[in-house]
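Position 21 of the sequence shown, counted from 1, bears residue number 47 in my numbering, the numbering being contiguous throughout.
Before any comments, here is the structure.
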Amino acid sequence: WQVIFDKLDACVESGANIVLSKLPIGDLATQYFADRGLFCAGRVHDQDLKRVAKATGATVQTSTSQGFPETVLGTCGLFEERQVGDERFNVFTDCPARLTSTMILRGGTEQFIAESERSVHDALMVVKRCLQSQAVVAGGGAVEMQLAQALLGRALKMPGKGQVVLEAFAKALEVVPRQLCDNAGFDSTDILAALRKQHTAAEREKTDDSKTCWYGVDLIEGGICDTYEAGIWEPADNKRHAITAAVEAALVILSIDETVVAPPSQDPGAHQSGMMDSMSGKPMSNLMNNAMDQANQGGARTGNLAPGVSYMKGRGG
Numbered sequence: 027w028q029v030i031f032d033k034l035d036a037c038v039e040s041g042a043n044i045v046l047s048k049l050p051i052g053d054l055a056t057q058y059f060a061d062r063g064l065f066c067a068g069r070v071h072d073q074d075l076k077r078v079a080k081a082t083g084a085t086v087q088t089s090t091s092q093g094f095p096e097t098v099l100g101t102c103g104l105f106e107e108r109q110v111g112d113e114r115f116n117v118f119t120d121c122p123a124r125l126t127s128t129m130i131l132r133g134g135t136e137q138f139i140a141e142s143e144r145s146v147h148d149a150l151m152v153v154k155r156c157l158q159s160q161a162v163v164a165g166g167g168a169v170e171m172q173l174a175q176a177l178l179g180r181a182l183k184m185p186g187k188g189q190v191v192l193e194a195f196a197k198a199l200e201v202v203p204r205q206l207c208d209n210a211g212f213d214s215t216d217i218l219a220a221l222r223k224q225h226t227a228a229e230r231e232k233t234d235d236s237k238t239c240w241y242g243v244d245l246i247e248g249g250i251c252d253t254y255e256a257g258i259w260e261p262a263d264n265k266r267h268a269i270t271a272a273v274e275a276a277l278v279i280l281s282i283d284e285t286v287v288a289p290p291s292q293d294p295g296a297h298q299s300g301m302m303d304s305m306s307g308k309p310m311s312n313l314m315n316n317a318m319d320q321a322n323q324g325g326a327r328t329g330n331l332a333p334g335v336s337y338m339k340g341r342g343g
């Protein structure tokens with residue numbers, strides 16, 4: 027018991043007000059901490075423990091034998107327990123170490139909550155990628171349309187089969203804004219025609235201050251708009267990697283000259299279904315046919331069949 031009390035005293039003497047542990051905390055330790063004004067919680071998930079340590083500036087300890095210096099303790103402005111629905115949560119507020127927030131997603135069904143979680147995760151990852159790359163481009167298919175018009179302009183100046191390749195590539199890029207229109211229920215023909223007009227003018231101007239190159243699909247009002255001014259952005263790295271991956275996949279497919287198909291087997295027994303004889307490895311149907319042939323040859327016609335059997339039909343008769 028003295029060993030246990032020494033560990034508990036080390037936690038109390040450290041000056042901590044909150045003790046969290048991945049391992050279970052027994053009733054003795056809980057009552058010991060409660061009598062001294064400490065809050066404790068056991069069976070904390072490893073990921074939650076790391077998040078709390080990162081937000082408060084604390085350091086997770088693996089032993090109490092060496093004591094706890096002040097540098098390993100974290101701080102927060104307020105700690106409280108809140109009731110949210112049917113569950114209770116421990117909330118750390120005003121954490122000075124990190125700008126950390128917790129989002130609560132609510133929904134009528136588990137599927138709706140799962141879909142909301144995926145959407146929020148995707149949005150956070152996009153923001154993270156934007157902060158990492160420090161570069162964004164307009165969304166809504168603006169980049170694809172501008173690239174398509176640039177390729178069409180280059181195709182008009184290129185002789186030979188390369189012109190057909192560039193035109194096909196440009197047409198493939200227009201699939202992105204077209205699909206956006208179809209998903210939103212808009213007329214893709216009219217919208218793509220308007221986008222071609224805007225981006226053709228941008229390709230002719232070739233100026234850095236031209237804003238017509240950022241026109242994309244307006245999924246809210248319908249039609250087209252300057253998606254860069256509207257705040258519809260995408261990380262430049264994501265756009266670059268998506269186009270590169272699509273081109274590489276197309277190159278792999280186009281590099282296949284021919285396919286080899288295994289011809290059907292010429293063995294007549296290969297197409298017959300049924301059980302295989304364990305001794306000979308031949309289909310049981312072949313063995314039955316052979317047996318009936320032998321019976322027919324020396325059976326009904328010679329009068330050697332068993333009583334009550336007049337004829338056995340097989341390949342022989």
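Glycine residues also receive a C-beta, built at the ideal position from the N, C-alpha and C atoms.
In this text the structure is predicted, and so the values were computed from the model without any measurement.
With contacts defined by Cβ atoms closer than 9 Å, Ala79 and Thr101 do not form a contacting pair. By the neighbour-count criterion, in which 16 or more other beta carbons inside 10 Å mark a residue as buried, Trp240 falls on the buried side. Distance from the CA of Lys33 to the CA of Lys76, rounded to the nearest whole angstrom, comes to 22 Å. Our two residues, Arg180 and Leu192, have alpha carbons roughly 8 Å apart in a direct line. Three or more pairs of CB atoms, one per stretch, sit closer than 8 Å, so the segment 156-173 contacts the segment 241-249. Non-local beta-carbon contacts of Ala196 in its own chain, meaning distances under 8 Å to residues more than five positions away in sequence, involve Leu173, Ala174, Gln175, Leu177, Leu178 and Ala181 in chain order.
In terms of CA proximity to Ser214, Val202 leads the group Thr119, Val202 and His225. For Leu221, the number of other beta carbons within 10 angstroms of its own is at least 16, and it is reported as buried. The segment 34-49 makes contact with the segment 86-97; the number of CB pairs closer than 8 Å reaches 3 or more.
The beta carbon of Cys121 sits closer than 6 Å to the beta carbons of Ala81, Thr82 and Cys102 from its chain, once the five residues preceding and following it are set aside; these are given in chain order. A straight line joining the alpha-carbon of Ile44 with that of Arg62 spans about 11 Å. Closest in alpha carbon position to Glu200, among Gln224, Gly188 and Val169, is Val169. Scanning the segment 151-215 from its first residue to its last, the whole beta strand (DSSP E) runs of 3-plus residues come out as 162-164. Under the DSSP definition of a beta bridge, Glu106 partners with Val117.
Boundaries around Ile30 are those of the alpha helix (DSSP H), Gln28 to Glu39, since no beta strand (DSSP E) includes it.
For Asp216, same chain residues with a beta-carbon under 6 Å away, outside a window of 5 residues either side, do not exist. The beta-bridge partner set that DSSP reports for Tyr241 consists of Asp252. Val78 sits in a helix when the DSSP states are folded into three classes. With respect to Ala84, Val98 sits close: the two C-beta atoms are nearer than 9 Å. Phe65 has Ile44 as its beta-bridge partners, per DSSP. Here Glu260 carries a strand assignment [DSSP, helix/strand/coil]. DSSP, reduced to helix, strand and coil, places Leu221 within a helical segment of the structure shown. By the neighbour-count definition (other C-beta atoms within 10 Å, threshold 16), Phe115 is an exposed residue.
DSSP places Thr226 in the helix class (H, G or I) of the three-state scheme. Residues of the same chain with a CB within less than 7 Å of the CB of Val152, apart from the 5 flanking positions on each side, are Pro261 in chain order. Only residues of its own chain outside the window of five on either side were considered, and among them Ala181 have a CB closer than 7 Å to the CB of Gln189, listed in chain order. Within 10 angstroms of the beta-carbon of Leu150 lie fewer than 16 other beta-carbons, which makes it exposed. The Cβ-Cβ distance between Thr128 and Val146 does not fall below 9 Å. Here Leu280 carries a helix assignment [DSSP, helix/strand/coil].
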